[in-house]
Amino acid sequence: MRGHLWGGLFATDAAPPVPPDLAPLTARSLAVFVIRYREGTLRYDELIVGSPARRGRRAGLYVHRIWVDDERSLRGGRRIWGVPKELAEFRWEGPRVRVTDGQGLVAALRLSAKGPSLPRLPLPMTGFGTLDGARTVLTARFTARPGAASVRVEEWPARLPALHHAGARPGFSAASFTMLLPVPTFHPLRPAPPTG
Numbered sequence: 034m035r036g037h038l039w040g041g042l043f044a045t046d047a048a049p050p051v052p053p054d055l056a057p058l059t060a061r062s063l064a065v066f067v068i069r070y071r072e073g074t075l076r077y078d079e080l081i082v083g084s085p086a087r088r089g090r091r092a093g094l095y096v097h098r099i100w101v102d103d104e105r106s107l108r109g110g111r112r113i114w115g116v117p118k119e120l121a122e123f124r125w126e127g128p129r130v131r132v133t134d135g136q137g138l139v140a141a142l143r144l145s146a147k148g149p150s151l152p153r154l155p156l157p158m159t160g161f162g163t164l165d166g167a168r169t170v171l172t173a174r175f176t177a178r179p180g181a182a183s184v185r186v187e188e189w190p191a192r193l194p195a196l197h198h199a200g201a202r203p204g205f206s207a208a209s210f211t212m213l214l215p216v217p218t219f220h221p222l223r224p225a226p227p228t229g
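Take the sequence shown: its position 61, counted from the start at 1, is 94 in the numbering used here, and no numbers get skipped.
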């Protein structure tokens, strides 16, 4: 798969908790990513809201919410990788994207590069999901031309955690990326202890 990624960290006091088998890397921030997959088996847009976390020594992103505009991507995300994909519509006007779903506004963001990108590099790309009582760990083979970017929220609904600032700190982009996503590894979760 090939495309372009923008992302960044946003300060918040309302970050959802990560599951108990994961440890948060940042207690008061959310990661927001916008990804455009332009070449490959599927072509679609994606918006991710998650928390940086680790499982043992492996750091990655735990996905709280994720929206796509392709039903095949939605089915694959849920059935193969265990991430809670939802359908949405992405409307682009130059550097702006507005994302809506059946409940209304999801987010409106403005995305732009800040200076030239670096030469192509391999970059870490790990995500955590949940499927059939197991933690899924997705480790992509990802190369891109990374660079600084402006990632600004222009509209953000009350149904998502409130953010302190409109701009990501830091913001970054991964231009002309190539990504290969193998089958995830599965790690059984321990049942929660009984209460009472």
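For every residue, glycine included, the Cβ atom is placed at its ideal position computed from N, Cα and C.
Counting along the chain, the unbroken beta strand (DSSP E) around ARG98 starts and ends at 91-101. Proximity to ASP165 across ASP102, PRO224, TRP39 peaks at PRO224, based on C-alpha coordinates. Assignment of beta strand (DSSP E) within the stretch 196-223, counting only whole runs of 3 or more residues, yields 204-213, 218-221 in chain order. With contacts defined as CB atoms closer than 8 angstroms, LEU213 and ALA181 fail to qualify as a contacting pair. Rounded to the nearest whole angstrom, the CA to CA distance from LYS118 to LEU107 is 5 angstroms. Listed in chain order, the non-local C-beta contacts of ARG87 below 8 angstroms within the same chain comprise LEU55, ALA56, LEU58, GLY93, local neighbours out to five positions each way being set aside. Counted as a single uninterrupted DSSP element, the beta strand (DSSP E) harbouring SER145 occupies residues 137-146.
Taking a cut-off of 8 angstroms for Cβ pairs, the stretch 216-223 and the stretch 155-169 touch, as three or more such pairs fall below it.
Around the beta-carbon of LEU120, fewer than 16 other beta-carbon atoms lie within 10 Å, marking it exposed. The residue from ARG76, LEU42, LEU193, VAL96 with its alpha-carbon nearest to that of PHE161 is VAL96. Assignment of LEU75 by DSSP, reduced to helix, strand and coil, places it in the coil class. Spanning the alpha carbons of ALA191 and VAL139 requires a straight line of approximately 9 angstroms. Listed as beta-bridge partners of ILE68 by DSSP are LEU38, GLU79. Rounded to whole angstroms, the separation of the alpha carbons of ALA195 and ALA177 is 31 angstroms.
LEU193 and GLY73 have their C-alpha atoms spaced approximately 31 angstroms apart. In the three-state scheme derived from DSSP, where H, G and I count as helix and E and B as strand, GLY127 is classed as coil. Exclusion of the five residues before and after TYR77 leaves TYR70, VAL101, ASP102, ASP103, SER106 as the residues of its chain whose Cβ lies within less than 6 angstroms of its Cβ. With a cutoff of 8 angstroms on beta-carbon distance, PHE123 and VAL132 are scored as near each other. Around the beta carbon of TRP114, a 10 Å sphere encloses 16 or more other beta carbons of the protein chains shown; the residue is thus reported as buried.
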